[in-house]
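In my numbering, the protein residues as written are 1 to 149.
Glycine included, each C-beta is placed from N, C-alpha and C at the ideal position.
In this text the structure is predicted, and so the values were computed from the model without any measurement.
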């Protein structure tokens, strides 16, 4: 097995396992359970994260496999935090930690200023979501209104 293959294996482990474990935890602790759309957008982000990190792994060929994969995963995640259409889903886990529960998800797309609460059937995190709040009150105070869809 080559060092590149080992690094790709570590990268896959680092990029896919923590989000999967996080999603299982979300499923176990959240009531009601988030819809499938919740996982599908985040799955797309994780796949993009993995594919974008592969060139970084290749460029760091002088570093041993595990540190190389760790550096690639962290660098690409930090980039995803600021890339439009990826930053919302990438920042979502940070807001789950900040709030201590599933956050209210808001969007300013098309000047809509709408939000979806975790108990909404339409609750999901999409590439268009760019704001997160710990409560409905916080979202309302920021000028957002609850989405009707």
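Kindly give me the distance between the Cβ atoms of residue i and residue j, rounded to whole angstroms, as I take these residues to be in contact under 8 Å.
{"i": "residue 146", "j": "residue 114", "result": "7 Å"}
{"i": "residue 50", "j": "residue 104", "result": "So it is not a contact: roughly 29 Å between Cβ atoms."}
{"i": "residue 84", "j": "residue 46", "result": "Contact doesn't hold; Cβ gap of about 18 Å is too wide."}
{"i": "residue 108", "j": "residue 130", "result": "6 Å"}
{"i": "residue 198", "j": "residue 127", "result": "Nothing can be reported for residue 198: it is not among the residues displayed for the chain, which extend from 1 to 149."}
{"i": "residue 87", "j": "residue 78", "result": "With a Cβ gap of about 11 Å, residue 87 and residue 78 do not count as contacting."}
{"i": "residue 151", "j": "residue 55", "result": "The shown model of the chain, from 1 to 149, leaves out residue 151, and the question about it has no answer."}
{"i": "residue 116", "j": "residue 110", "result": "Not really, about 15 Å apart at Cβ, beyond 8 Å."}
{"i": "residue 57", "j": "residue 8", "result": "6 Å"}
Which residue or residues does DSSP assign as beta-bridge partners of residue i?
{"i": "residue 115", "result": "106, 146"}
{"i": "residue 133", "result": "104"}
Grab the span of the alpha helix (DSSP H) containing residue i for me, first residue to last.
{"i": "residue 87", "result": "87–99"}
{"i": "residue 8", "result": "3–29"}
{"i": "residue 66", "result": "65–80"}
Under 7 Å from any heavy atom of the ligand MN, does the C-beta of residue i make it?
{"i": "residue 54", "result": "The ligand MN is not part of this structure, which contains no ligands at all."}
Check your understanding: Do three or more CB pairs link the stretch 66–73 to the stretch 38–47 at distances below 8 Å?
Key -> These segments do not touch.
Point to revise | Contact the stretch 89–97 vs the stretch 120–135: 3+ CB pairs below 8 Å | key: yes
Check your understanding: With contact counted as at least three CB pairs below 8 Å, one residue from each stretch, are the stretch 4–23 and the stretch 59–67 in contact?
Key -> Yes, the stretch 4–23 is in contact with the stretch 59–67.
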